[in-house]
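Written out below as structure tokens is the structure these notes cover.
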Amino acid sequence: MNEIKASERAATPLSLHVPEPAVRPGSKPDFSQVAIPRAGSVRRPDVTVGAHEIHDLAWSIVRVLNRQGEAVGPWAEALDPAFLKAGLRAMMKTRAYDARMMMAQRQGKTSFYMQCTGEEAVACAFETALEKGDMNFPTYRQQGLLIAQDWPLVDMMNQVFSNEADRLKGRQLPVMYTSREAGFFSISGNLATQYIQAVGWAMASAIRGDTRVAAAWIGDGSTAESDFHAALVFASVYRPPVILNIVNNQWAISTSQLIAGGENATFAARAHGYGIPSLRVDGNDYLAVHAAAKWAVERARRNLGATLIEWVTYRAGAHSTSDDPSKYRPREESAAWPLGDPIERLKAHLITIGEWSAERQTQLQAEIDDEVLAAAREAEQHGTLHNGPKPSTSTIFEGVYKDMPRHLREQRQEMGI
Amino acid sequence: MNEIKASERAATPLSLHVPEPAVRPGSKPDFSQVAIPRAGSVRRPDVTVGAHEIHDLAWSIVRVLNRQGEAVGPWAEALDPAFLKAGLRAMMKTRAYDARMMMAQRQGKTSFYMQCTGEEAVACAFETALEKGDMNFPTYRQQGLLIAQDWPLVDMMNQVFSNEADRLKGRQLPVMYTSREAGFFSISGNLATQYIQAVGWAMASAIRGDTRVAAAWIGDGSTAESDFHAALVFASVYRPPVILNIVNNQWAISTSQLIAGGENATFAARAHGYGIPSLRVDGNDYLAVHAAAKWAVERARRNLGATLIEWVTYRAGAHSTSDDPSKYRPREESAAWPLGDPIERLKAHLITIGEWSAERQTQLQAEIDDEVLAAAREAEQHGTLHNGPKPSTSTIFEGVYKDMPRHLREQRQEMGI
Amino acid sequence: MPQMTMIEAIRDALDVMMTRDDRVVVFGEDVGYFGGVFRCTEGLQRRHGKSRCFDTPISETGIIGVAVGMGAYGLRPVAEIQFADYMYPGYDQIVSEAARLRYRSAGDFYAPIVVRMPTGGGIFGGQTHSQSPEALFTHVAGLKTVIPSNPHDAKGLLIAAIEDDDPVIFLEPKRLYNGPFNGHPDQPVVPWSRHPLSETPDGHYTIPLGTAAIRREGAAVTVLAYGTMVHVAEAAVEEAGVDAEIIDLRTLVPLDTDAIERSVSKTGRCVILHEATRTSGFGAELSAQVQERCFHHLEAPIQRITGWDTPYPHAQEWDYFPGPARVVRALAAVMED
Amino acid sequence: MPQMTMIEAIRDALDVMMTRDDRVVVFGEDVGYFGGVFRCTEGLQRRHGKSRCFDTPISETGIIGVAVGMGAYGLRPVAEIQFADYMYPGYDQIVSEAARLRYRSAGDFYAPIVVRMPTGGGIFGGQTHSQSPEALFTHVAGLKTVIPSNPHDAKGLLIAAIEDDDPVIFLEPKRLYNGPFNGHPDQPVVPWSRHPLSETPDGHYTIPLGTAAIRREGAAVTVLAYGTMVHVAEAAVEEAGVDAEIIDLRTLVPLDTDAIERSVSKTGRCVILHEATRTSGFGAELSAQVQERCFHHLEAPIQRITGWDTPYPHAQEWDYFPGPARVVRALAAVMED
Ligand SMILES: Cc1ncc(C[n+]2csc(CCOP(=O)(O)OP(=O)(O)O)c2C)c(N)n1
Ligand SMILES: Cc1ncc(C[n+]2csc(CCOP(=O)(O)OP(=O)(O)O)c2C)c(N)n1
Ligand SMILES: [Mg+2]
Ligand SMILES: [Mg+2]
């Protein structure tokens, strides 16, 4: 019989620890517990380094851009200004795209949307470290991977609108893009499943003697899922060419990263128990992201195995169009985030190095807004969720299997089509 | 289309790393890669220590008994010789019980058996650190937890024989014991599931302001399972009174601990990424097990949260009666194991401190053999799997639910009983 | 009697039980401070404290696993899985552990847990916010499976589930949370307050698990339904103008076979509805049982109207959802035979 | 033609495919060096190398997860789950990922994987080495589910499964590995060499998924079975002396409904056998379909003979296993009606 018996020992009673964020709505944002090392202060080991030799890096933050907008320290590289401007453009376009799609959702043009506002540097800069043929296994917050490679916005919007031009035929929830061509694996609505799949893909690349690498993506909250652990175990054992990205944007819907275990260790430190080298990196610093991503991709490409990277960033917007963050965190928290805004920081750097100006920024913004608007207009021609042309009904029976089996043909008939 | 494309890059091809044990059947055992620190050389921190302050302990091995049979170092305590003799007896009884049940299986008295030979110290000494009311969540290799508390062998044998006196009514595979009274949770055939349940039980104890603690058990191979990770995440977040035991006996059926990730990190180090304090302990050293277990139980009892302990030991026997280890490891590997045999080591210690002799050992062995034989005879009176009295057939419909629903009553009828 | 939405009724059931029995604890993803993505646990942490109602890490195996451990300790955990579509990572703990613990330990331990999960489609949730996995539970010996179709039942069934000593899967049709839904997405949204079964008694009451409810008496054909499909059945029967008897099963295991047998023996015809994919859906079990129990009364083949054997598509939601039009056709067909 | 046991036939199928197609890789717990706890992969690592056949960590979600990733890359992974009872931790990867990848990506990616797992009881394996979870796969759109009953079929079906571009669950009745088994545990063990279907052609051949085999023609009653129960059916029909037609389904999804319809239309009676628990077992789907497709031919209620709705007990294995005696009774009952 399950039964609660009073203990016979006269000891102090135990109690349950339930972690709580420093502040809740109504209080002033407080990030005083977030230790931010100086930009440039963290060493850059050689890519052949052993996991054990860089445990300290998991408890720090690799940063390149300082408050003055300068690129400093061992992770700073000489980068072509054109490359940086392309990065700025990619991030701004991502933000503008998000804004437009959020609006489209409010206008009833689609059912749902998820923005990555505040986190643009992570995906946009990471993508620059990959080559054609490499494969990302993204979550729903890595639209930047597509936009950074100039994947057509119209194609993305068609998916969001589930219209007749949607390559996914209206089957998927908005933002759950797929593009083999763009090295962008099909997004699953089920968290974390892609993490171990990325490891499998990378194992396959190694089995075939290929040179392509995989990048796995996961959020801080989702690291609690089983497939996160499976991925680290398999990556530890087989040393496949994979980059294990954790985007720590501090929140998982309404729960802070404390509820995923962030109170007692960093997410980068998770790698230590598996003997996987790991880095913790300023995710709002385009240059730091680019440098760390290149380091990890090089390790993978040189058959040195997996690298885990925690990108420290902040989810500036709502979790999705279904949620209102002011219910669980102060409205001003986003503005108080100590690592700042990735677009502002890269812009400041470009200005500091004399390659940019407030005017050019305004001009670029206008250009991008036009581009996004034009794309939206074009996509809307193909229909939106409740208006205009749609994917045909009969397609719902297609592609469940390669060839339609009899029972599905019968059901299609039953439907009367 | 899934399709393998030749990469466009001219880079060195990748390859898959598949770890392989140092030796396979036909070669000489080789444990030269197993680093064994001197007994007494590892410090004993205060139980209030932070997880980060003892990371080094996860990469070492806490040992108390040295080669001369002396108890040395900070983990050595003044222990009553009677306590040590009880420990010796428990371990010898466990081994004798295993031997008898292995024989019974070969004689067809049961379908299956699993021994813990070579690992007796882990469960037997751990149990001495617990109090009545605490709860173990064991695997199939912790029979020592029952035997160390003098749980009746006959009761255990009844379960193994699935006979009429089997409290589990013949429902469970042999060795899958249950005893709430003995603080021994129902063993599952599914690996690792108990690990997170132990955390839940400990959370419940904390929620209730109780003082009881839980002990979770898992094998090295099973740490790869999902519930291992879930347990560490929940233990990290809620800091419940639980001891997370990993019994690293070097093997998981035919695969060495390398296939669970043991090549690149210790299992004790897994705790670091969750901010959980951990120890790595000589599991064949009765005194070290007792001392480390007490340390961890005290932490739990004082509301300091979870401790993870990797017990380093060796599975001297076959995985189960279904397997033949000489197919995948040298026959002599067990004898070459550098941490020796737990019974021999405790015996040597008792002799060294002048509390024991070869004669008393022989005498005790005879006593135990008699006791085990007598128990077996008694249990066999109640039947064995294919002979004698059995649990009644109709019980198979009972206990699926608290009250038998109509469909099961109908099925019982259909069976004609 | 107070009128409640489904959400309010569920929340009230939890509140009543947390107040009455301090062994009841409630947890899940976003369940604590925030009160759940569907707000079913709103206010419970404030009222009952952080150790009785709390947020969990995003690990469904962890959520069910700790529930089993807590249940074995002696608590009565009510765990929320954010969407039924996300229960799969916790399925092992449900099937191999919660469902079999009592049996394998011969009653020494058991798992008096409730696992709540929003189920079904109709909210444009796409393939991972729309599934109806009830058959994956009904196949598992040791589990009970409950699906309410209205606030009154939701509260009474949930209290019964919490008091039950066996593990109960409690599926909440999310399309019904805020109002009844008859399968006509084009018609104006109706609030629960216009539905008689929003009348929900104060305080403690139970609806015994394993009892179906007859929503409409009739002599011509029996319609077996549960959850959202009960409302679709009502609309379709109205539209078809058939004298159908509509049975709301409420509990799938244990099943009220008496009610089913009585009705089909009378009508001789049977239509079975569910939203889940057809093959091996719970409708198959119902069909098999009706056939076994009422063979000699049957005057026409039993019809199953179900979701198609495809994932739940996003844009074509209403082509997938088994709406009144399909049910009307099935009623006509079964009456013709 | 060489005679093989089921184990040899499976091993041979893997060997043939690994030799023919270098995209085929084989892995699972104890599958590499040791060759699998049932020895189905013995010698494959030696012959095809460590990167084509290897041991995995004990993580079923990991095993299926990497298989999906490898499949998406372009390999054709054949993963082994040590016992079907242990597939639950990998169920999410099967249901949410492998099964839906092609659909949700509109064909951009798919998962041409095979997941092999020993299934069924009869070896005193207790509740976690005896389960028959096929219905948990047949309910999931996007999966194919195969269960061979003899070496000849096992090889041909496994090769077809590996060549199939959809995810295939390949259930291997472990009680048949070393010999046919007719459900009489008291009778002497029979080796495969005495069974005609142990004749297994050399090299490559396939048996198309979705085609049933008629094991015995008959006019009086149709018996639908698969896996071990095919042999039980044969024994029972013999003992009952009924002119039954025995259909070995071989593939549950896609199902050979033609063969079923043809047979039941002829016999007018139907008995369905499986080892899995009854409620929501695959027998329910078969019963529903037979009823839907052959209603007007049916002369007696369709009977289901199945495992009981309890966990699989250890000592009472033969009380649980649906043996010939129960089938004989069912045949008698269905003929009487
Ligand atoms: C298996 C599963 N469980 C739960 C959910 C519901 N869910 C969707 S997003 C989310 C939060 C994820 O947080 P995080 O991983 O930190 O990613 P972020 O949204 O911050 O990018 C949850 C709980 C889900 N989609 N899948
Ligand atoms: C979920 C699950 N997967 C696989 C198995 C099969 N299995 C039983 S024991 C075992 C090896 C476990 O090794 P380890 O955890 O090291 O424990 P040990 O046997 O060494 O004590 C395996 C793979 C299982 N019982 N459950
Ligand atoms: Mg997050
Ligand atoms: Mg082991």
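Residue numbers (UniProt numbering), protein chains in the order written: chain F, 1 to 417; chain E, 1 to 417; chain R, 1 to 337; chain S, 1 to 337.
Glycine residues also receive a C-beta, built at the ideal position from the N, C-alpha and C atoms.
Because the structure is a prediction, the values reported are computed rather than measured.
Sorting E:Glu-263, E:Lys-347, E:Gln-194 and E:Gln-115 by C-alpha distance to the C-alpha of Met-70 (chain R) places E:Gln-194 at the top. His-272 (chain F): not part of any beta strand (DSSP E); DSSP gives it neither H nor E. Relative to the non-hydrogen atoms of ligand 4, the Cβ of Gly-221 (chain E) comes within a distance shorter than 8 Å of at least one. The three-state reading of DSSP puts Trp-192 (chain R) in helix, counting H, G and I together. The Cβ-Cβ distance between Pro-57 (chain S) and Glu-80 (chain S) does not fall below 9 Å.
Counting other Cβ atoms within 10 Å of its Cβ, Glu-181 (chain F) stays below 16 and is therefore classed as exposed.
Here DSSP, grouped into helix, strand and coil, assigns Asn-248 (chain F) to strand. When the Cα atoms are used, Gly-317 (chain F) and Ala-125 (chain F) turn out to be separated by approximately 20 Å. At least one CB atom of chain F sits nearer than 9 Å to the CB of Val-253 (chain S).
Remark: the shortest separation between the CB of Trp-75 (chain F) and any heavy atom of ligand 4 does not fall under 8 Å. For a cut-off of 8 Å, the C-beta gap from Ile-159 (chain R) to Thr-206 (chain R) is around 5 Å, short enough to register as a contact.
One Cα belongs to His-382 (chain E), the other to Phe-161 (chain E), and the distance between them is close to 9 Å. In terms of beta-carbon proximity, Lys-28 (chain E) stays away from the interface with chain S, with every pair separated by 9 Å or more. Within chain S, the C-beta atoms nearer than 7 Å to that of Glu-225 (chain E) come from Ile-58, Ser-59 and Pro-89, in chain order. Between Ser-60 (chain F) and Ser-41 (chain F), the C-beta spacing is below 9 Å.
Contacts with chain F at 9 Å (Cβ-Cβ) include Phe-34 (chain R).
When the alpha-carbon of Val-66 (chain R) is set against those of E:Gly-73, E:Leu-346 and E:Ala-192, the nearest one is in E:Ala-192. Asp-166 (chain R) and Leu-346 (chain F) have their C-alpha atoms some 58 Å from each other. In this structure Val-68 (chain S) is in contact with Gln-197 (chain F), their Cβ atoms being roughly 5 Å apart against a cut-off of 8 Å. Beta-carbon to beta-carbon, Asp-220 (chain F) and Asn-249 (chain F) are separated by about 7 Å, close enough to satisfy the 8 Å threshold. Here Gly-69 (chain E) is not near Ile-276 (chain E), since their CB atoms are 9 Å or more apart. Between the C-alpha atoms of Val-175 (chain E) and Arg-377 (chain E) there is a straight-line separation of about 18 Å. Distance from the CA of Ser-256 (chain F) to the CA of Leu-136 (chain R), rounded to the nearest whole angstrom, comes to 33 Å. Residues of chain E with a Cβ closer than 7 Å to the Cβ of Tyr-274 (chain F) are, in chain order, Gly-261, Asn-264 and Ala-265. As computed with DSSP, Ile-169 (chain S) is found in a beta bridge with S:Val-115 and S:Thr-145. Under the DSSP assignment, Arg-46 (chain S) falls in the alpha helix (DSSP H) whose first and last residues are 44 to 48. In the three-state reduction of the DSSP assignment, Asp-55 (chain R) falls in the strand class. By the C-beta criterion, the region 79 to 91 of chain F is judged to be in contact with the region 350 to 364 of chain F, since at least 3 inter-stretch pairs fall below 8 Å. Of the candidates F:Arg-331, F:Ala-358, F:Glu-332 and F:Pro-330, F:Ala-358 places its Cα closest to the Cα of Ile-343 (chain F).
Pairing Lys-174 (chain R) with Met-103 (chain F), the inter-Cα distance amounts to about 25 Å. Looking at the DSSP output, Gly-307 (chain R) shares a beta bridge with R:Thr-277. Going by C-alpha positions, Tyr-177 (chain R) is about 5 Å away from Ile-7 (chain R). Taking C-alpha positions only, Gln-93 (chain S) is separated from Phe-185 (chain E) by approximately 29 Å. At least 9 Å separates the CB of Arg-47 (chain R) from every CB of chain E. Proximity of the region 111 to 126 of chain E to the region 142 to 160 of chain E meets the contact definition, three or more beta-carbon pairs being nearer than 8 Å. The region 36 to 55 of chain S makes contact with the region 15 to 26 of chain S; the number of CB pairs closer than 8 Å reaches 3 or more.
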